[in-house]
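**Student:** Numbering (the working numbering), first residue to last: 2 to 347.
(1) Using DSSP with H/G/I as helix, E/B as strand and the rest coil, what is residue 208?
(2) Under 8 angstroms between the Cβ atoms of residue 81 and residue 266?
(3) What are the start and end residues of each continuous beta strand (DSSP E) run of 3 or more residues lying completely inside the region 14-57, in chain order?
(4) From which residue to which residue does the alpha helix (DSSP H) around residue 112 run?
(5) Once you ignore the five residues that flank residue 333 on each side, which residues in its own chain have a CB closer than 7 angstroms to its CB?
(6) Report the residue ranges of all alpha helix (DSSP H) runs contained in full by the region 266-303; include only those spanning at least 4 residues, in chain order.
(7) Measure the CB-CB distance between residue 299 and residue 171 and report whether it falls below 8 angstroms.
(8) Beta-carbon within less than 7 angstroms of residue 341's beta-carbon, same chain only, minus the 5 sequence neighbours each way: which residues are those?
(9) Report the rounded CA-to-CA distance for residue 150 versus residue 160, giving the unit in angstroms.
(10) State yes or no: is the C-beta of residue 15 within less than 8 angstroms of the C-beta of residue 131?
(11) Please confirm if the region 97-111 is in contact with the region 6-15, defined as three or more CB-CB distances below 8 angstroms between the two stretches.
(12) Under 8 angstroms: do the region 58-66 and the region 242-255 share three or more Cβ pairs, one atom per stretch?
(13) Which one of 54, 337 and 208 has the shortest CA to CA distance from residue 293?
(14) Is residue 20 near residue 119, with beta carbons less than 8 angstroms apart?
(15) Any chance the CB of residue 83 is under 7 angstroms from a heavy atom of the ligand NAD?
(16) In terms of residues, what are the limits of the alpha helix (DSSP H) holding residue 317?
(17) If I measure Cβ to Cβ from residue 174 and keep anything under 7 angstroms in the same chain, skipping five residues before and after, which residues do I get?
(18) Using DSSP with H/G/I as helix, E/B as strand and the rest coil, what is residue 131?
(19) I'd like to know whether the C-beta atoms of residue 234 and residue 165 end up nearer to each other than 8 angstroms.
(20) Between 199, 335 and 313, which has its C-alpha nearest residue 263's C-alpha?
(21) Between the Cα of residue 335 and the Cα atoms of 258, 280, 188 and 153, which residue gives the shortest distance?
(22) Who are the Cβ neighbours of residue 86 in its own chain at under 7 angstroms, not counting the five residues just before and after it?
(23) Which first and last residues belong to the alpha helix (DSSP H) in which residue 76 is found?
(24) As a quick exercise: from 211, 237 and 286, pick the residue whose alpha carbon is nearest that of residue 76.
(25) Between the Cα of residue 232 and those of 257, 223, 221 and 219, spot the shortest distance and give me the residue it belongs to.
(26) If you run the structure through DSSP and keep just helix, strand and coil, what is residue 260?
(27) For my contact list, residue 27 and residue 115 are in at a C-beta cut-off of 8 angstroms; report their separation, rounded to the angstrom.
(28) Within 10 angstroms of the Cβ of residue 246, are there 16 or more other Cβ atoms? Answer buried if so, exposed if not.
(29) Looking at the unbroken alpha helix (DSSP H) that takes in residue 159, where does it start and where does it end?
(30) Under three-state DSSP, which class holds residue 66?
(31) Check whether the Cβ atoms of residue 195 and residue 176 lie closer than 8 angstroms to each other.
(32) Is the CB-CB distance between residue 158 and residue 331 below 8 angstroms?
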């Protein structure tokens with residue numbers, strides 16, 4: 002879907018693709034409500050997954066289109082902050098519904114999803130206007146430009162980001178398994194850790210941007226990836242901590258993980274700055290592979306808890322360490338204008 006999204010954005014513009022993605026997800030949610038057999042459930046799941054990938058693969062281009070000229074670090078950070086707050090609110094709402102409405106809560110939640118997707122599409126269609134060049138002019142500009150997956154430096158950004166953000170998906174997929182099965186802690190701990198991470202991201206995105214404004218983008222990302230290595234070390238140390246202290250250990254590790262995630266938010270602005278203007282949509286859509294591949298690999302890493310409690314942490318820490326090395330390599334080769342936005346150069 003990322004490559005399909007990039008070509009669609011080049012043809013019809015990012016706004017139309019994002020609106021279409023929201024409508025596609027709304028249709029998928031309605032499909033779940035109407036489903037009475039496995040075939041309809043499968044169709045609904047495909048519609049939701051396709052819409053989600055189209056959305057994320059075109060959202061960065063839409064943000065770039067509506068943001069002011071200049072560095073896009075702040076718009077991307079604000080978008081991440083809002084997204085994190087809404088993820089947390091959605092999780093709390095779903096948990097509250099399940100606690101008071103039982104099985105009926107599932108249908109209420111899916112219905113609310115359908116309404117929210119449709120409302121999002123309506124708001125975008127009514128309130129957002131993005132000027133775009135005619136299709137013929139855009140097609141002419143694209144000629145002669147290589148694709149994102151044949152651009153070695155941009156591919157390096159995708160790989161480095163994917164190696165680093167594997168920690169996020171590993172955390173979301175594995176914290177329950179680790180806390181309950183391996184550490185034998187209270188059932189409330191995984192939910193508390195996820196809520197803490199979401200809250201810190203929601204509250205600290207723009208603050209992290211201000212604190213690190215004097216540093217290059219890859220430098221900030223290197224610090225973030227290194228903090229993921231620290232997070233893995235602190236997390237695995239919980240195995241030898243007395244049981245009464247394990248919840249505090251896990252929550253402290255979660256703070257480190259959230260700080261790392263805040264620093265990795267600079268990846269989107271780096272990708273946008275490196276992407277050639279004529280094919281920016283395709284580049285930013287391809288950048289989504291850093292996150293889609295990570296989300297596929299994370300459950301497999303979590304599955305390794307069945308082999309040894311320390312093994313997933315070793316692999317995730319090694320992945321973040323490789324991200325540090327690759328980002329250092331990229332720092333010496335990327336344009337200075339991409340590493341240091343113009344206001345910082347001044």
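Just so you know, even glycine gets a beta-carbon here, dropped at the ideal spot from N, CA and C.
**Tutor:** So, from the data block:
(1) Looking at residue 208 - three-state DSSP - the assignment turns out to be helix.
(2) The Cβ-Cβ distance between residue 81 and residue 266 falls below 8 angstroms.
(3) Those beta strand (DSSP E) runs which fall completely within the region 14-57 and span 3+ residues do not exist here.
(4) Start and end: 105-128.
(5) Correct list: empty, nothing qualifies.
(6) Fully enclosed alpha helix (DSSP H) runs of 4 or longer: 267-275 and 281-288.
(7) Cβ distance < 8 angstroms, so residue 299 and residue 171 count as in contact.
(8) Only 217 meet the Cβ criterion.
(9) Counting only the Cα atoms, residue 160 lies some 11 angstroms from residue 150.
(10) Going by C-beta atoms, residue 15 is nearer than 8 angstroms to residue 131.
(11) Touching, no.
(12) The count of Cβ pairs closer than 8 angstroms, one atom from the region 58-66 and one from the region 242-255, stays below three, leaving the stretches out of contact.
(13) Closest by alpha carbon: 54.
(14) No; because the gap between Cβ atoms is not below 8 angstroms, this pair is not in contact.
(15) Absence of the ligand NAD from the depicted structure is noted, as is the absence of any ligand whatsoever, leaving it without description.
(16) Taken as a continuous stretch (DSSP letters only), the alpha helix (DSSP H) holding residue 317 covers 312-332.
(17) Closer than 7 angstroms at Cβ, skipping near neighbours: 299, 300 and 303.
(18) When secondary structure is reduced to three states using DSSP, residue 131 falls in the coil class, being assigned neither helix nor strand.
(19) Result no, Cβ atoms of residue 234 and residue 165 do not sit closer than 8 angstroms.
(20) Cα-wise, what sits closest to residue 263 is 199.
(21) Checked all of 258, 280, 188 and 153; the closest Cα to residue 335 is 153.
(22) These residues qualify, in order along the chain: 203.
(23) Run containing residue 76: 74-102, per the alpha helix (DSSP H) assignment.
(24) Selection 211, 237 and 286 evaluated against residue 76 yields 211 as nearest (Cα-Cα).
(25) With distances taken between Cα atoms, residue 232 lies closest to 257.
(26) In the three-state scheme derived from DSSP, where H, G and I count as helix and E and B as strand, residue 260 is classed as helix.
(27) Indeed they touch by this definition, with Cβ atoms about 5 angstroms apart.
(28) Counting other Cβ atoms within 10 Å of its Cβ, residue 246 stays below 16 and is therefore classed as exposed.
(29) Counting along the chain, the alpha helix (DSSP H) containing residue 159 begins and ends at 153-177.
(30) Helix.
(31) Between residue 195 and residue 176, the CB-CB gap stays under 8 angstroms.
(32) Between residue 158 and residue 331, the CB-CB gap stays under 8 angstroms.
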